[in-house]
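Asks: Just add 36 to the spot in the sequence shown (first one is 1) and you have the numbering used here.
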Amino acid sequence: MTNNGNDISALTRIVGTRGFMAPEYVRNGCVTSKVDVYSFGVVLMELISVKEAVVREGGREVLLSTAIATIMEGDDAETELRNVTDLTNEENGSMEYAMQMVKLSLSCVKQDPTSRPTMDEVVTSLVKIQVDLQMAHLVRRTEQDRTVQKIVPWLV
Numbered sequence: 037m038t039n040n041g042n043d044i045s046a047l048t049r050i051v052g053t054r055g056f057m058a059p060e061y062v063r064n065g066c067v068t069s070k071v072d073v074y075s076f077g078v079v080l081m082e083l084i085s086v087k088e089a090v091v092r093e094g095g096r097e098v099l100l101s102t103a104i105a106t107i108m109e110g111d112d113a114e115t116e117l118r119n120v121t122d123l124t125n126e127e128n129g130s131m132e133y134a135m136q137m138v139k140l141s142l143s144c145v146k147q148d149p150t151s152r153p154t155m156d157e158v159v160t161s162l163v164k165i166q167v168d169l170q171m172a173h174l175v176r177r178t179e180q181d182r183t184v185q186k187i188v189p190w191l192v
C-alpha cells in the first residue's frame with residue numbers, strides 16, 4: 037500500500053507460478069479458498085504424472101491440467117494415462133486408484149471456481165481413496181496367504 041497525501045492506494049501485482057495459478061486469480065487477482073484448491077489440483081497432477089505443471093508438447097507449452105483432461109476425454113484413457121504416469125510396473129489394481137486421483141485433480145482445476153470442490157471435500161475424497169486402496173491390498177494379501185497355506189502342505 038502507498039500513501040500519497042490523503043490518498044491510500046493498493047498496488048496490485050499478480051504473483052505466482054505459471055501453471056499453478058487459477059484462471060480467476062490471473063484475471064482479477066482475487067484470492068479465495070478455491071484458488072488454493074486449483075493449485076492443489078495441479079500439485080496432485082504433478083505427483084500422479086511425475087511431470088511439471090507446464091509441459092512442452094509439439095514445440096509449445098501446454099498446461100499439464102489441459103493435457104491430462106484431453107487424455108481423460110479419449111477412448112483409451114487408462115492406457116494413455118499409463119504412458120504419462122509412473123504406473124507401468126504397478127499392479128493392475130493401482131490403476132483404478134490412479135484414475136480416481138486424476139478425476140479428483142481434474143475436479144480441482146475446473147475453470148469455474150464454484151464447480152471445484154472445497155478443500156474439506158478434497159480431503160474426504162483422498163481419505164476414501166486411501167482406505168479403499170488399503171482394503172484392496174489387505175484383500176490381496178489375505179488371498180495370497182490362503183494360497184500359500186494351500187501350497188505349503190504339498191511342499192512338506
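The beta-carbon is built from N, C-alpha and C at its ideal position, and this holds for glycine as well.
Return the chain-ordered ranges of every alpha helix (DSSP H) run that is complete within the segment 120 to 179 and spans a minimum of 4 residues.
Replies: The segment 120 to 179 contains these whole alpha helix (DSSP H) runs: 128 to 144.
Asks: My assumption, with CB atoms under 8 angstroms, is that Ser55 sits in contact with Leu117. Please give the rounded CB distance.
Replies: At residue 55 the sequence reads Gly, which differs from the Ser that was named. 19 angstroms between Cβ atoms; not a contact.
Asks: Residues in the same chain with beta-carbon distance under 8 angstroms from Glu88, minus the five sequence neighbours each way, listed in chain order, please.
Replies: If we look at Glu88 and ignore the five residues flanking it on each side, its Cβ neighbours are Gly55, Glu82 and Leu100.
Asks: Out of Thr160, Gln147 and Ile84, which has the shortest C-alpha to C-alpha gap to Asn119?
Replies: Looking at the Cα atoms, Ile84 is the closest of the given residues.
Asks: Looking at the structure shown, is Val78 part of a helix, part of a strand, or coil, going by DSSP?
Replies: Helix.
Asks: Measuring CB to CB, does Pro149 end up less than 8 angstroms from Thr68?
Replies: Yes, the pair counts as a contact, with Cβ atoms nearer than the cut-off.
Asks: Check this for me: beta carbons of Gln136 and Ile104, under 8 angstroms apart or not?
Replies: It is not a contact, given that the beta carbons lie outside the stated cut-off.
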